[in-house]
Amino acid sequence: MNGTAILRALINNKQHCRLLLSFSTSPLLSHFSYNIIDIGTCIATLQSCAHTTNLSKGKELHTYMLKSGFLASPQAITSLINMYSKCTLINHALKVFNFPTHHDKNVFAYNAIIAGFVANGFSKHGFGLYRQMRHMGIVPDKYTFPCVIRACGDDVEDFEAKKIHGLLYKFGLDLDVFVGSALVNTYLKFGLVVEAHEVFDELPVRDVVLWNSMINGYAQIGKFEEALEVFQRMVENGVVPCRYAVTGVLSIFSMVEDFHNGRAVHGFVIKMGYDSGVVVLNVLIDMYGKCKCASDALNVFDVMDEKDIFSWNSIISVHERCGDHYGTLRLFDRMLGNRVQPDLVTVTAVLPACTHLAALMHGREIHGYMIVNGLGKDENSSFDDVQLNNALMDMYAKCGNMRDARVVFDHMREKDVASWNIMITGYGMHGYGDEALDTLSQMCQAQMIPNEVSFVGLLSACSHAGMVKDGLEFLAQMESKYGVSPSIEHYTCVIDMLCRAGKLVEAYDLVLAMPFKADPVGWRALLAACRLHKDTDLAEIAASKVIELEPGHCGNYVLMSNVYGVAGRYEEVSKMRHTMKQQNVKKRPGCSWIELMTGVHVFITGDRTHPQTDYIYAGLNSLAAVLHEHEYVPLI
DNA sequence: CTAGGGTTAG
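Residue 1 is where the first sequence starts when you use the UniProt record's numbering, and the numbers rise one by one after that.
This is how it looks when you write it as structure tokens:
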């Protein structure tokens with residue numbers, strides 16, 4: 001056996017890593033004896049470089065082949081193009097393709113360069129090279145069309161898939177399963193169900209990949225039932241689902257939140273031994289998470305012996321989605337402890353946990369990590385990651401640090417509606433009414449169109465800042481001037497605003513006049529305002545409504561009994577207490593907590609058990625004195 | 001020498 005034969009044997013057995021190892025260590029094939037490496041060996045080794053994306057070795061071979069005059073060989077050229085394409089260096093691939101000695105460009109070279117462009121996201125260029133190839137009179141083959149058809153799916157402007165489909169009969173490729181899969185994918189991507197089915201039904205041989213194309217294609221356009229029907233048909237036809245098929249159905253079950261079927265697939269995964277692969281387990285974690293079963297997801301995660309960045313990001317997002325913010329932070333900590341580098345996805349999942357816990361210090365640490373590691377700066381497009389920066393802004397805004405939120409906002413080169421809304425909402429939340437209004441007009445100046453969320457933020461800003469006139473004006477004009485029709489949420493903001501301003505009659509009039517039935521939030525705002533302004537009659541109306549809508553909500557009863565208490569109607573107070581007992585509504589004591597360096601400190605209403613209680617109350621009293629000095633009257 | 005299907009955040 002000579003060197004080339006050994007390498008060929010390794011390639012055929014897909015032992016690319018061993019091949020590259022033997023290439024550099026075997027005395028026969030070492031660097032000292034480069035001159036005895038023949039062209040076949042070079043091609044075989046390039047294939048391995050392509051598979052393992054070993055760019056440095058590939059480049060080394062390129063130099064050697066150039067020196068040895070191997071670039072006269074079309075086979076060598078094709079292998080080089082393929083190697084550079086797989087290593088995502090498409091410009092290098094094109095340079096080889098256009099190399100001066102490469103005059104007789106054959107179908108192999110074209111197939112390789114077209115595939116390279118399409119796979120690297122330059123479908124238009126790929127399609128252009130296909131046209132060039134046809135123009136040169138080169139006959140496309142069964143390797144050409146899958147890529148070209150995939151390129152049609154990326155290029156929405158002029159949909160060529162049907163034309164290509166028609167051409168297939170001419171070349172006798174209409175029954176090729178590779179070509180057919182590509183057609184099914186592209187057709188379903190554009191919702192052309194009939195066309196996809198035509199292709200599928202005509203094909204004499206249906207392999208797993210073709211079935212998967214149908215299943216995933218349906219799933220992509222949201223036709224989950226159809227996708228699952230196809231899956232069932234596949235199984236009935238005796239096709240055993242491979243790992244890819246399993247990930248496909250699992251992602252469907254996670255989207256429709258079908259826990260039972262998802263768990264059944266988990267069983268199948270174990271039965272088939274698919275639980276040895278990271279990807280299938282990652283999808284299982286995601287599925288359990290989407291079904292709100294964080295503990296099941298964690299069970300899968302904990303027994304994985306190999307965890308990749310997807311595993312960590314998935315398990316972290318699962319906890320955040322389930323509202324377990326501490327769990328999110330714990331897992332993030334565990335990730336760092338395992339020396340796994342968080343990426344942009346990790347950080348976008350962890351920041352909301354800091355936001356919900358108002359954990360400004362944690363959030364700030366993450367911001368620092370982002371700066372050090374260049375996260376959020378997209379080096380490919382020179383644009384920032386909008387979502388990540390939005391999450392960062394939101395964290396600062398919700399933690400009450402509008403200055404830093406503004407700094408992030410001002411540094412963003414690209415902003416979306418959410419970015420503006422976060423600023424408007426943040427300003428409103430902390431009583432900066434004028435700033436919220438200014439931000440809306442800046443938003444309009446920047447040609448950004450405000451949406452429903454913008455106006456919820458804006459109206460609540462008016463509410464918190466007591467800007468009644470502005471708030472009413474926005475409610476009246478938002479439809480005609482901004483094209484956003486007011487929803488129940490907007491009306492609730494305005495009711496809240498009028499209540500806070502003590503305009504109870506106006507608030508009640510709005511409740512009666514508005515085109516929606518008031519929700520519990522609106523009624524409760526009215527009830528609370530009635531307590532403050534001692535309007536027992538209106539309070540009774542509001543209370544009856546809110547208790548009718550939310551019979552199990554203890555706060556409603558407490559508010560009403562407080563109204564009676566203020567009015568001196570103590571027999572009504574005890575009646576209220578009685579109703580609560582009857583309805584089995586329990587008032588849970590108010591509880592709040594604060595996180596300091598030393599740990600979490602929890603306080604319950606009237607609680608004097610903290611070791612520093614005296615000190616805390618002294619602080620509270622001096623704060624109350626300052627408030628009194630500024631004639632601040634607490635509302636609710 | 002060249003080809004079709006896959007997972008994560010908001």
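Note that the Cβ used here is the ideal one computed from N, Cα and C, for glycine as well.
Owing to the predicted nature of the structure, the values given are computational and were not obtained by experimental measurement.
Outcome for residue i when other beta-carbon atoms lying within 10 angstroms are tallied against a minimum of 16
i: I371; result: exposed
i: residue 637; result: No answer is possible for residue 637: the residues shown for the chain start at 1 and end at 636.
i: I594; result: exposed
i: P342; result: buried
i: C591; result: exposed
i: I270; result: exposed
i: L28; result: Residue placement at L28 is flagged as unreliable, the pLDDT there being 42, under the threshold of 50; the coordinate-derived value follows with that caveat. Label assigned to L28: exposed.
i: I37; result: buried
i: V407; result: exposed
i: S561; result: buried
i: M136; result: exposed
i: S487; result: exposed
i: R150; result: buried
i: F159; result: exposed
i: P100; result: exposed
i: H103; result: exposed
i: G262; result: buried
i: S30; result: Confidence at S30 is low in this model, with a pLDDT of 46, below 50, so the placement of that residue is unreliable and no value is reported for it.
i: N621; result: exposed
i: T346; result: buried
i: T25; result: Low local confidence applies: a pLDDT of 48 at T25 is under 50, so the model's placement there is unreliable, with the coordinate-based value given in what follows. With fewer than 16 other Cβ atoms within 10 Å, it is exposed.
i: S181; result: buried
i: G222; result: exposed
i: L623; result: exposed
i: F268; result: exposed
i: L210; result: buried
i: V246; result: buried
i: A446; result: exposed
i: H411; result: exposed
i: M1; result: Note that M1 has pLDDT 46, beneath the 50 cutoff, so the model's placement of it is unreliable and the number below is only indicative. So M1 counts as exposed.
i: E631; result: exposed
i: H266; result: buried
i: F32; result: Its pLDDT being 41, under 50, F32 is placed unreliably in this model, and the value from its coordinates should be taken loosely. The residue is exposed, with fewer than 16 neighbouring Cβ atoms inside 10 Å.
Beta-carbon spacing of residue i, residue j below 8 Å
i: L175; j: P204; result: yes
i: A528; j: L559; result: yes
i: G471; j: V494; result: yes
i: L61; j: L71; result: no
i: L298; j: L351; result: no
i: V139; j: G126; result: no
i: M514; j: Y482; result: no
i: Q583; j: P551; result: yes
i: N237; j: S213; result: no
i: N313; j: A349; result: yes
i: L336; j: I316; result: no
i: V585; j: C554; result: yes
i: I43; j: A93; result: no
i: C444; j: M395; result: no
i: Y557; j: T579; result: yes
i: E506; j: L498; result: yes
Paired residues, beta bridge with residue i - DSSP
i: C462; result: Looking at the DSSP assignment, C462 forms no beta bridge with any residue, so it has no partner.
i: S592; result: F603
i: D384; result: K377
Nearest-angstrom Cβ-Cβ length linking residue i and residue j, presumed shorter than 8 Å
i: L458; j: A436; result: 6 Å
i: F310; j: N338; result: Not quite, the Cβ-Cβ distance comes to about 14 Å (not below 8 Å), so this is no contact.
i: N389; j: A418; result: Contact doesn't hold; Cβ gap of about 10 Å is too wide.
i: G217; j: L173; result: Going by Cβ atoms, the distance from G217 to L173 rounds to 20 Å, so no, they are not a contact pair.
i: C152; j: A161; result: 4 Å
i: V193; j: T144; result: About 26 Å separates the two Cβ atoms, so there is no contact after all.
Exercise. Pairing CB atoms from the region 86 to 94 with CB atoms from the region 43 to 57, are three or more of them under 8 Å?
Worked result: yes
Exercise. Counting pairs of beta carbons, one from the region 287 to 297 and one from the region 250 to 265, are three or more of them closer than 8 Å?
Worked result: yes
Problem set entry | Contact between the region 108 to 122 and the region 72 to 85 (3+ Cβ pairs under 8 Å) | yes
For this session: Say whether the region 398 to 407 touches the region 436 to 450, bearing in mind that this needs 3 or more beta-carbon pairs closer than 8 Å, one atom from each stretch.
Result: no
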